Each structure stands twice: as C-alpha cells, then as structure tokens.
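If you count the sequence shown from 1, position 957 lands on 957 in full-length UniProt numbering, and the numbers rise without skipping.
We put the beta carbon where it would ideally sit given N, CA and C, even for glycine.
The model shown is predicted, which means the values in this text are computed figures rather than measured ones.
Here's the structure, in structure tokens; my notes come after.
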Amino acid sequence: TRHNVNPDFNEEFKVSLPTQHSEKLHLLFTFFHISCKKECLRTPVGHAWLPIARLSHSSPVALSVFGSLPAGYLSCQSLGLGKGLSMPDTRFVAKDVFVVSTRLVSSVMSRDASLDAAVQCFARINRDDGREVSRAVTLENCVRKHLKQLLVSDVTELVRFSPIVLQHTLELVVRVRDPDVIGDALLTVLRLVHALQHRSDVIVAFAETTFTTRHVTDSSFHEQLALGLDRLLASVDQSADEESRLVLRHIWFLLRIHVKACLQHIHAHDDSPAPFSRSHSQLVRQLMARVTSLVTQWSRAEEASLANRALAHYASRLLSFCADQRAVFAGVDAHLRALSSRDVVLSEMRLHFLAVVLAHEHLLPPATPPSALTPPPVPLALLFRELRHSLQQSVRHVRQLAIQMLRNLLAKHALDNRLADDDGHALSQAVALYLPALDVIVDHVTADPSAEDPRRHAQTPDSFGQHSRHNSLPARFDALNADEVKDILSCVLFLASHLTPDHVQRMPPQRLERLLVVMETAVHTFAFRDDVTDDAQTRSKTLPSALLAKDVDLFLCRQNLSVQTALTALRTARLCLESDDDDVLRRVVVLHVALLAEPQSQTILAHLFDNIALFAHHFGRHLFAANALFSQIIAKVVEFCDCALKPIRDAGVDLLFRLFVENFKRTRFETIVCVSRLASNHSKDLSRFQSSLARIQALAESDDSFVNDQRLTQTVQRIRDILKATHRIRTECRNPYENCELRLFLANSYAQTSWSLRRTWLENLAEVHALNADWPEYAMCLAHVIAIVIEQLAAKGCELPDARNHVTRVSPNIAADDTRIESDDWLETEDSSHVTPDALQTLIDDCAQSLEKCQLFELAPHVLKVMVARLEHEFDHKRLSALFARISRMHARALEADLSGRRLFDTYFRVAHFGAQNQEYVYREAKVMSLAEMTSKLQKLHPSATIVSDCDSDCVTDSAIVVTHVIPFAADARNDFERNVGVNRFVFEQRIRHETAGNSVASQHKRRVVLRTSNWFPFCVKRVPVVQREETILSPIEVAIDEMEARVQALERVTQANDVKHLQLVLQGSVHVTVNCGPIAYANAFLRGADEPETEAETRLRTVFARFVELCERALRLNERLIKADQLEYHSSLKTAFETFRQQLDLKNDAKRTSVQIFDVISGSSLA
C-alpha cells in the first residue's frame, strides 16, 4: 500500500504440482517493486523459495527474503545462533517479512508428514536410489523408523493412501536383506490391515486388483514373500497373545498377496514349463505347517477359526495353478491330521477347512472314472476319510457338517453347466467318482452293528478300511438321527440315479452289494406312509388354510420322494443284473423283498412285478435257492392277489403264474404254506382271493405247458380246501379256546401228510399265544416245531444225534406225536429245502427264551442240548462254551427257585360243560388267578350259561357250567416242579353231607375225584379234555387224617426253607387255637380213651398228630433263631399259643399220663 512503511497484504493461489518430482523441486517467490508511473516499471527487490517436501506442513512458515538469487541457492542453509548463512556473500532480510501458509490437496502426497516421509523413503529404497539416506542413518534403521511412524499415522490418510503404502511396504521384502526388518515390515502390514479393518473393501480391493509385482525387478518376489511369512510365523509362534492373535486374524491378507504374486509370476513366465522351483514348493508346505501350528495352539480363540479358513482358501487357490499339487495336498493332509480329534471345535474347523478345499473347481479331474483297483482322486480320498471319521462322532453337529459337505458337492455337480450335456455322460462320470463313499455310508445308515440280522452278511468296520487314518481312535457307531439318515440317503439316491452300465461293470462286487444294502435302507426310510394325513385330520378344522396347504405340499413331496426312491431302486436292481456274483444277486432279491414290504403305487408295483419275473427267468437258481427270501416274495404276492384294486390283483396273479411256470414244485409248496398263514391271520372272507384262483386256473388252461398237466389245478383245489378250513375258524369259533383248538386240529391233520404245513399251523398257533403272552403254550408249540425240523433235517441226511431224545424230554406230548410222513406225499417233494441247522438254532433260542419267561428253567436245558452233538462233531468250541454257559445259568436259576420257594406255578381249573356239549376240561390259567376271577372270565365267554363254582355236578342243570379248582396229582413227585409240570392227573375234593347226619366232624364224608387229561400240561392249548375220571369216598376219620397230613406237609416245607415270612404264616395257622379248632375237634372226635381198643385208622391219626406237634415245636425253634429283636414279642405269643394248643389236646388212651407228657416224650424236649 502506498505510503505504508510496513505494508500487510495476502494472496491465495493454487499451484499444480507434477505427479513425480525430485528433491530439488521447489516454489520460487520473486518480489518486485511496481512503480506508480505510467510506464509501470517492475523492479525485482528480493527472492524466497520453499521446497516441495515442506508442503505437507499446514502451519505458517516464515521464509527468508534474499536480495539476490545466488547460484546454488537450494543448498543455502542457516547456520543458526545468528551466525548467518552457509553462503557468506549472500544478502538477506533478517526480519520475518514473508510468511507462507500451505495446504496440500493431493492424491499422491499425504498431508501426514510421517506417512509421506515413510512413503518417500520406501519409494527411494525400492527405486534403489542409494544405499544410505544420510551419512549417519543406515538403510535398515531408516526402514524401522518409518515402519513405526506408519503405525501412528492418521487413519483417514491411511485409507486414502493404503494402496501406495501397502505396495511399497510389501516391496521391501525383496529390497531389504535383513530378515528381522522383513519380519517387521510384514508385521506392520498386518497391523495396517488391522487398523483398516473397518474398510475391508479397500483391503480386499488392493489384494485382488491393485497389488502388482511388475515394478519389482527381482523375479523371486513370491519366494521371498513365502520365506518372510515363514520367518514371521516362526517368530510369533511363541510370542505374546496380542501379536499371535493379530497374525491369526489377518494372515489371510498376506496369503492372498502371495497367491497373486504367484499368479503374476506365472503370467510373466508363461513360456516356462516349470515356473516354480522346488524350493518354493517346500516353502509353501512349510508355510502351511506354520499356520497349522498356530491354529492348533490357539484352537479355542476366534482368530484360529479365521486363520483356518484363510489357509483353506490359500490351499484351494494354489491347487488351481500350482504345478506341484502333491506338496499342497501334503500340506492339506498334514493340517487335517493335526486337527484329528474328537474335540468339537477341532472337528468343526477340520470340516470347514475341507469344505473350502473341495468346493474349488479343481476337484474333478477330466478323466474317466477309476476302476476297482484305481484309488479315487486325492480330494475325494480326503473327503471319504473325513466322512468316516465324522460319522463316528457322538456330536450331532459334527455329523451334520460332514453330511452337508457331501450333499453340497453333489448339488454343485448337478448344477454345473460344464457337466450338463445331452446324454448326461459327463455328470455320470463325475458322480461315479463318489461311489467309494458307499463303503462308509453302509456302516451308519443300516441296522445297528451290534444287532444281528440273519438276512445280512456280517460286516465290520475293518472290512471297509479304505482311506482310513484314525486307527488309533476307538470305533464308534453312534446312531444317526432320522434327518441325518435321510440326508445321507438322498446323496446315495443321487449317485444311484446317475449310474451307467459301464460304471456297474467297473465296480467291484463288494461295492455293488453295499450299494444295494443302502438302497434297501432308503426304500424303508422313504417309504410313503400316510401319517401326515392322519396328523392333519386330527387338527382343528378352523386352522388357517395356509397351514393345511403346507400339509398337502409335504404330503405330495413325501409321496413323490417315495416313488422316486422306488424307481431308483428298481433301476439299480436292473443294472446289477449284469453282475454274476452270487452275493450281489442275493442282494437284488433282498431289495425286491424290501420294495414288496413297503406301500407302493400301482405303477411301481407293475414295474416291480416285471423285475421279479425277469429275475426269475434269468436267475431262477438264485431266486428259488433263497429259501426265506422266496417265501417272503410269495407271501407278499399272495397278499396282492387279494388286493381290492383289480389291476394290482391281476398283476400279482400274473407274476404268481409266471413263478409257477419257472419252478412249479417250489412255488407250489411256498404258495400253499403262505396261503395257509394268510388265511389263518386274515380277518376277511378272502372273496377276492377266490377270483384270483379262478384267474390262475384260466391262465393254466390257456398255457401250453399246463394243457395236459393237472398239477396246477390240483394245487388250486388244495388252496380252496385250506380257505374253507380257515373260514370255519373265523365263523364257528365262539371263544379263543376253541380258536386255538381248531388251529391245533388243522396242524394235526397234516401230521402224516406234510411236515411243513403242520409246522406252519403250529407257528401260527404260537403267534396267537405270543400275542396273548401265553408263554408256556408258546414254548410247547415251538418245541413241537423243533421236533418237526429235526425230522426234516434227518430226511435231508443231516442227522442230529440224540436231538429227538432231548426235545421229547421237554414234554411227554412230543414223544406221543407220530411224525412219520407218507413217502409219496406230493407236497413233501421239496418240503425241507429251506430247512437248515441255523433255522433250527433260531427256534431253539426262541423256545429257551420263552421257557425262561414262564420260569420253567428245568426244561430249557433239554431244548438247548439239541445241537450239542453237532457242535461237538464240528469242534465248535466257541459256540459250545456259550451253550453250556447258558445251560449252567438255567440250572442255577432253577436251584435258586427251589431254595427260595417263591416260584409260583400255574393254576388249574376243572370246567364241566353240561347240556349239548357235555364235556369236561382242565384249564391252565395264570399263576395267581382265583376261582372268582375264573368264574367271571367264563361268564363273559358264555353269557347265556349259568356258572356254578365248586359244587357237585349232580346238582346242576343242563345249561350250567361247573368250575372247580383242581391241583396237579403226582404221587411220585420229588419237588414242586415235578408236582406241577408235565402232569396229566388232577385232583379235587368235595364235601358230602347226608341229610340224616349232623354237622359234627365225625359225620362228614368227602369225595375225592382224580381226573386224567388227554395230554400233559403245559400243552399247545390252554385247555385239555378229560378222558378218565376216578372217584373215591373218604370216611370222616380218613378226612381227618387227610387234613392233618396236609398240615404236616406244609410244616415240613417251611422248616426246610429259610423263609421267615412263609414260616410265620404257616406256624400261626398251626398253633393258634382260634384257627385250629379243626385239629382239636378231630382229636376229640376220633381219638378214644385208654380203655377202648384202637382201629388202624385211629392209630394212623394218632401218629399224624404226634408228627404235627413235633414239627410245630421245630418250627418255633427255627423262628426263634431267624427273627430279629423287634419280633420277640410276636414269637412269645406263638409259644403261648402252642402251649395252649398242647394243653387242650388230650390223648384218651393213656389215663396215667397227660397229653403234654406224651408229646414231650415224642419230641424229646419241652418248651416249658
């Protein structure tokens, strides 16, 4: 300003700077004096300059103004302390007359001085402008200083300049030679990533797009980075928690940088056949091992899971271009082995890691499926191994992760456009690689391995040991839940639906068999049952319609899944027919049986019947030799012959006729047996089955092979006879006793014509008893069946020495049966073809188990000894040892029951039907059934009859039923078992009072009736008719002797057993006068005085009384020894009652001695 000595003015302007500049770049200010004259002269009066490097400072800067601009002015510096300048001839203004305030706005230079200085330093180092920044600061110290400054830089500036900062910092890996400095640089990168984690998009964008190695002249950047990473991980392995967690959390960034460096290296050396050296492969494997070590060390931390996933993506990307995939897979395998534990956290990390590795496109090699001897690709081998290990885990979540991994891989292949060709050949080739998974699946989706299924071959975990690595871990078979089984079975269905005949031919027979086993399980699991509709029907009808629509969708989904499963199973069975292995063909039959056993649609049944007919035509030997399976097929086909839908019924008849054509004798026998079983269990009239028989006869008449053969017509007639007999069972049987008797009658009608039909009816009768829990009758039916099977095996030439002798000792009824068969019976041609010693052993085990249930322990050893001779002949010591151990256990339980005296035997009743039937039976009932309960039971069965309990049959009318409790009568029985088991004689007694006689005991007579039944108890039915009756009239004194002998026997039993409760019960009933008026009354009535001669009966009665008193005294002494302190008072009352009883008892034939003295002499001691 004019006339102003100290003018103050300011000006703001923008300066555009070049993107690249050196240290000499600066802003030069020139000051002019401008004249006010018209010429407007401009005279320079001073100069000032500002280096560009100082532009980042935003604070005002006072610049020195020089009068002239000397040469080399950029090197002019102030000497400080008022000593002037480094250029002594230079004149300048000492006052602060020029102040400059700058604000940098740049995307190249940062406003943060420390950040900009670090970038400039790293840029100079990476450009290799010199090995020293100054004379005193070395390169390494400079890097360390600026690395520390980066960590305290402004975060906003870091976000803006993160690509430049990260690029220059990473390039230090190849510029710096000190390993410690390289480690600090990489650790600084991780800290920068941690500081910028809120802007993950910036970090990811740098790693994926911005980072480049084209400015690095050293071609080994990827190797140097891998080496630096390895050293960094080794240094933090044992370091502090914070640093280790930092590395684990953000190691993904450096791993991704390394992958991109490798890719750019390949792009730069695309003409090289081996772009990577062997040392690089070793570094990669060592680097993966370092990460694995950190993950296992910090497995419980969240950072370990992040590092595990980062390593998985790193390995997956390396496998896409790495020439040495073996090294990468070795690292993957080492990582999985390091995480091999039943720990849930480690198991989850292991499965997440493998899922990422397998999800990459490198999974399937472009090759044909492997043969039986070719191992699967390494990724799938790892998958099968981890799948086996995970399915053995007890944690449901771990199992689900493994199953989901397999399911997602298959879904990925199904949706992969690269595998979608017209004929599906590419997808089939890919799916075939997963077939070894069947070796793992079959162990977990089928039945419990601890349970034995006779239809399934024995399988152990060791038999499917391919790719097994967890040999040190114990085998586990925790049951999968329903959802897990369905998920894994859906995977199998996908595999099976894409199989081709070529794949089946390459598959070994063992794998084909396992595939069929799993398909059988899938058929049972996905079988359509209308429980969904039942649930929907039980709900309220006022529910929203959306919920009902959801039920309909679920209903249709399950129905479609069932149909798809059945179609896949049929397709698989048809493909497996190309195999000639016997076990595979047997499994095909089992699969057909499984399909028949489950509800199927009409279309499925039509295809199924065609499959069975085709199998019977080409492989009839395998079908008809599978005895039990063929029986099941015939049983289901016979059921379909009574179906309400005519198309299904006709298809079933056609299949049955084609089986007749293929093998008439075998089909005829099984059809008659199955019809007998079906008719006996059927609740309807089987009218539709009659029409099926007519269709079979019509087909026979139109077929050339049966024109002159009447065998099929005779078979149809025999089936109709069976239906008539079973119709009688349903219509004429008025109660369950008659029903069982008619079944037994039908079984006995085949006694001399057909072993198998008799066995069929006996087994049917046994099933009825099993439903009613009548285990004695059930065991006797099985014992008769065992006797029949022994005869069938003997007819086949399979002799079992002493087998019949052992089984006849179970019951005399078996010995009385006539099991001889006429030699030319037409049904017995192939009667015993399906009878084997194994089937006999199954019957024996079932029979012994039922005898144990009904506490007939003494009979079980006889049944178990049937196979002893055969096992001894075969030197089967293992089975012999188990057999004799079981026999020993039966004898031990029998001994325990005898010693305890607590075993209860069955109760028997004599039931006399008067009137039109006029028949007398003995009924076996439950062990504790009373006479009143039996009377009530009969009243329900015969509501129109009059039930009279325990009275003289002469006093009843013609419409009455008399019920009397009877007891087994075995004169030579040695114990309670022989007294109650294997008996056919029973006794009951009735009082007889004459009208002229009084009520005294001296005038009471008794009738004793002994009944003999046609069979011995227990028998195949619960009631047996009486065939003989013996009556005896007892005089009054004989009645007294009989009553007293019964009391003596009761006392003898309780004194031999140490049962305190039973002892006190019997003793109380013997010594108390209030309840023993009977013995005293007998003594007063029948024992005469000393002056009167005695009869033989009186002498016998006197002896019984003496024995009675002796046993009472012995029982008192035994009770005194067994009781506790709290029962002393009760024992004193028993002694007092006994003394009273002895005082009231007076033997009249000795006037000089009292009755007490007489009994003291007899007993040898006195209680007084």
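query: From the DSSP output, in three-state form, read off E920 for me.; result: strand
query: Rounded to a whole number of angstroms, what is the C-alpha to C-alpha distance between residue 1176 and A234?; result: Since the first and last residues shown for the chain are 1 and 1168, residue 1176 lies out of range.
query: Output needed for S305: all residues of its chain with C-beta closer than 7 Å, excluding positions within five of it in sequence on either side, in chain order.; result: M349
query: Among all the DSSP beta bridges, which residues are the ones paired with A912?; result: E920, V962
query: Go ahead and label R586 buried or exposed: buried means 16 or more other beta carbons lie within 10 angstroms of its beta carbon, across all protein chains shown.; result: buried
query: Buried or exposed, going by whether 16 or more other CB atoms sit within 10 Å of the CB of C557?; result: exposed
query: Mind checking whether I947 and I961 have CB atoms under 8 Å apart?; result: yes
query: Determine the DSSP secondary structure at F615, reduced to helix, strand or coil.; result: helix
query: Is P179 closer than 8 Å to R231 when the C-beta atoms are compared?; result: yes
query: In whole angstroms, what separates the C-alpha of L827 from that of H784?; result: Bear in mind that a pLDDT of 49 at L827, under 50, signals an unreliable position, so the number given afterwards is only what the model happens to contain. Answer to the nearest angstrom: the Cα atoms are 20 Å apart.
query: Determine the direct distance from the alpha carbon of Q1143 to that of F905, and round the result to whole angstroms.; result: 39 Å
query: Measuring only the C-alpha atoms, how far is Q537 from L480?; result: Because Q537 sits at a pLDDT of 48, beneath the cut-off of 50, its placement in the model cannot be relied upon, and the following sentence gives the value as read from the coordinates. In a straight line, the C-alpha of Q537 is about 30 Å away from that of L480.
query: Quick one: what's got a C-beta closer than 6 Å to A185's C-beta in the same chain, skipping five residues either side?; result: T169, L172
query: Is DSSP giving L50 helix, strand or coil here?; result: strand
query: State the Cα-Cα distance for the pair V983 and E1120, rounded to the nearest angstrom.; result: 38 Å
query: Find out if the Cβ-Cβ distance for the pair A226, L287 is shorter than 8 Å.; result: yes
query: Using CA atoms only, rank isn't needed, just tell me which of F640, A261, H198 is closest to E208.; result: A261
query: Measure from the alpha carbon of L723 to the alpha carbon of each residue in A698, L311, S340, F689, then state which is nearest.; result: F689
query: Alpha carbon to alpha carbon, how far is V866 from L883? Give it in angstroms, no decimals.; result: 11 Å
query: Going straight from the alpha carbon of S691 to that of P599, what length do you get?; result: 23 Å
query: What residue from L415, E1129, D721 has the CA that sits closest to V675's CA?; result: D721
query: Express the C-alpha separation of L190 and E157 in angstroms, rounding to a whole number.; result: 17 Å
query: Would you kindly work out how many angstroms separate the C-alpha atoms of R658 and R514, rounded to a whole number?; result: 30 Å
query: Apart from the five residues just before and just after H1131, which ones in its own chain have a Cβ nearer than 7 Å to its Cβ?; result: N1119, E1120, I1123
query: Who are the near neighbours of F1108 in its chain, counting only those whose CB is closer than 8 Å to its CB and skipping five residues on each side?; result: M1044, R1047, V1048, L1051, S1070, P1079
query: Pull up the distance between the alpha-carbon of F477 and that of A522, whole angstroms please.; result: Summary for F477: the model assigns pLDDT 42, below 50, so the residue's position carries little reliability; its value from the coordinates is reported in the next sentence. In a straight line, the C-alpha of F477 is about 19 Å away from that of A522.
query: For the pair the stretch 610-629 and the stretch 571-581, tell me if three or more CB-CB distances fall below 8 Å.; result: yes
query: Thinking C-alpha only, which one of C322, F13, I604 is nearest F29?; result: F13
query: Put N408 into one of helix, strand or coil per three-state DSSP.; result: helix
query: Excluding the five sequence neighbours on either side, which residues of its own chain have a C-beta within less than 6 Å of the C-beta of S244, listed in chain order?; result: V236
query: Just to confirm my understanding: we take P51, look at its own chain, exclude 5 residues before and 5 after, and list those with CB closer than 6 Å. What are they?; result: H26
query: Short check: CB of V1024 to CB of Y921, under 8 Å?; result: yes
query: Kindly identify the DSSP beta-bridge partner or partners of V1009.; result: F988, E1031
query: What three-state label does DSSP hand S949 in the structure shown?; result: strand
query: Touch check for the stretch 1004-1017 and the stretch 977-992: three-plus C-beta pairs under 8 Å?; result: yes
query: Report the three-state DSSP secondary structure of I967 (helix, strand or coil).; result: strand
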